[in-house]
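Enquirer: For what it's worth, our numbering labels the leading residue of the sequence shown as 3, then goes sequentially.
Think of the CB as a built atom: it goes at the ideal place given N, C-alpha and C, for glycine as much as any other residue.
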Amino acid sequence: MEWEGKSHGNKAEEFEKLRGWPRQTGLSPRIVTDLGVGEERSRFEAEGWDFLGPEPVCSDWREYRSFLAASRGEFSPAKSGYVTARTGWFSDRSALYLALGRPVLLQETGWSAWLPEGKGLVAFRTPEEAAAKAREIESDHGRHARAAEEVAREHLAAEKSIVNALKRL
3 MEWEGKSHGN KAEEFEKLRG WPRQTGLSPR IVTDLGVGEE RSRFEAEGWD FLGPEPVCSD
63 WREYRSFLAA SRGEFSPAKS GYVTARTGWF SDRSALYLAL GRPVLLQETG WSAWLPEGKG
123 LVAFRTPEEA AAKAREIESD HGRHARAAEE VAREHLAAEK SIVNALKRL
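#1: Report the rounded CA-to-CA distance for Val90 versus Glu49, giving the unit in angstroms.
#2: Where does Val39 fall in DSSP's three states?
#3: In whole angstroms, what is the alpha-carbon distance linking Gly22 and Phe46?
#4: The alpha helix (DSSP H) that contains Glu16, what's its start and end?
#5: Suppose you measure from the CA of Arg64 to the CA of Ala154; what does that come to, to the nearest Å?
#6: Pull up the DSSP beta-bridge partners for Arg170, would you.
#7: Starting from the Cα of Glu151, find the closest Cα among Arg137, Gly112, Gly75 and Glu15 and give me that residue.
#8: Can the beta-carbon of Leu29 be found closer than 8 Å to that of Ala71?
#9: Cα-Cα, which of Arg170, Ala125, Val59 and Gly122 is closest to Val34?
#10: Nearest-angstrom Cα distance between Glu156 and Glu119?
#11: Tell me whether Leu29 sits in a helix, a strand or coil according to DSSP, three-state version.
#12: Nearest to Pro31 by CA position, among Asp142, Ala136, Gly144 and Asp62, is which residue?
#13: Indicate the three-state DSSP secondary structure (helix, strand or coil) for Ala125 in the structure shown.
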């Protein structure tokens, strides 16, 4: 969608910009997606992406939690509309990763105005920054994992986040 001369598209646009990310970082991301078989998927797999269908992971909450807990962390672009409009969008999945003590590398949508960014929860704005930040997280994964859990406890736990939200009204 175009609005006021700016594109407000879906997540596929942002993923395409990051297609070379595994090669740039030396990491092998496993992504749960319903992206079918075909040329688009093959192009990503050729760059080092590993795709897993949603059925075995998302059909049961215990399987979903186990998948997240077995991960080293989350890497995720946002829908381009969220990025362009600076909506502050933040994923519930990212909150789960943080609560499990898994670092989150998330595309900036304006969420860093509300949540601490830098350790455990890390923002990226460009493909180059996404690669550099991933290498930084990997170089001190333990520190980022501890910080991720602290971000969840201090900023996302209901007993604190609800009170903080009400104070802003």
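Expert: Working from what's here:
#1: Here residue 90 refers to the residue found at position 88 of the sequence shown. Here residue 49 refers to the residue found at position 47 of the sequence shown. In the sequence on display, residue 90 carries Gly and not Val. So the alpha carbons of these two residues sit roughly 30 Å apart.
#2: Here residue 39 is taken as the residue at index 37 of the sequence shown, counted from 1. It is coil, neither helix nor strand.
#3: Sequence index remark: in the sequence shown, residue 22 carries index 20 (1-based). Sequence index remark: in the sequence shown, residue 46 carries index 44 (1-based). When rounded, the distance between both Cα atoms is 8 Å.
#4: Translated into the one-based positions of the sequence shown, residue 16 becomes position 14. Start and end: Lys13 to Lys19.
#5: The residue labelled residue 64 in the question sits at position 62 within the sequence shown. The residue labelled residue 154 in the question sits at position 152 within the sequence shown. Those two C-alpha atoms are separated by around 20 Å.
#6: Sequence index remark: in the sequence shown, residue 170 carries index 168 (1-based). Beta-bridge pairing links Arg170 to no other residue.
#7: Position 149 of the sequence shown, counted from the start, is the residue given in the question as residue 151. Among Arg137, Gly112, Gly75 and Glu15, the Cα nearest to that of Glu151 is on Gly75.
#8: Taking the sequence shown and counting its residues from 1, the one referred to as residue 29 is at position 27. Taking the sequence shown and counting its residues from 1, the one referred to as residue 71 is at position 69. The Cβ-Cβ distance between Leu29 and Ala71 does not fall below 8 Å.
#9: Taking the first residue of the sequence shown as 1, we reach residue 34 at position 32. Each of Arg170, Ala125, Val59 and Gly122 was checked against the Cα of Val34, and the nearest Cα belongs to Val59.
#10: To locate residue 156, count along the sequence shown from 1; it is residue 154. To locate residue 119, count along the sequence shown from 1; it is residue 117. Taking the straight line joining both Cα atoms gives about 13 Å.
#11: For the purposes of this step, residue 29 is identified with residue 27 of the sequence shown, where counting begins at 1. Reduced to three states, the DSSP call for Leu29 is coil.
#12: Taking the sequence shown and counting its residues from 1, the one referred to as residue 31 is at position 29. Pro31 has its Cα closest to that of Ala136, out of Asp142, Ala136, Gly144 and Asp62.
#13: Here the question's residue 125 lines up with position 123 in the sequence shown. Note: Ala125 maps to strand in three-state DSSP.
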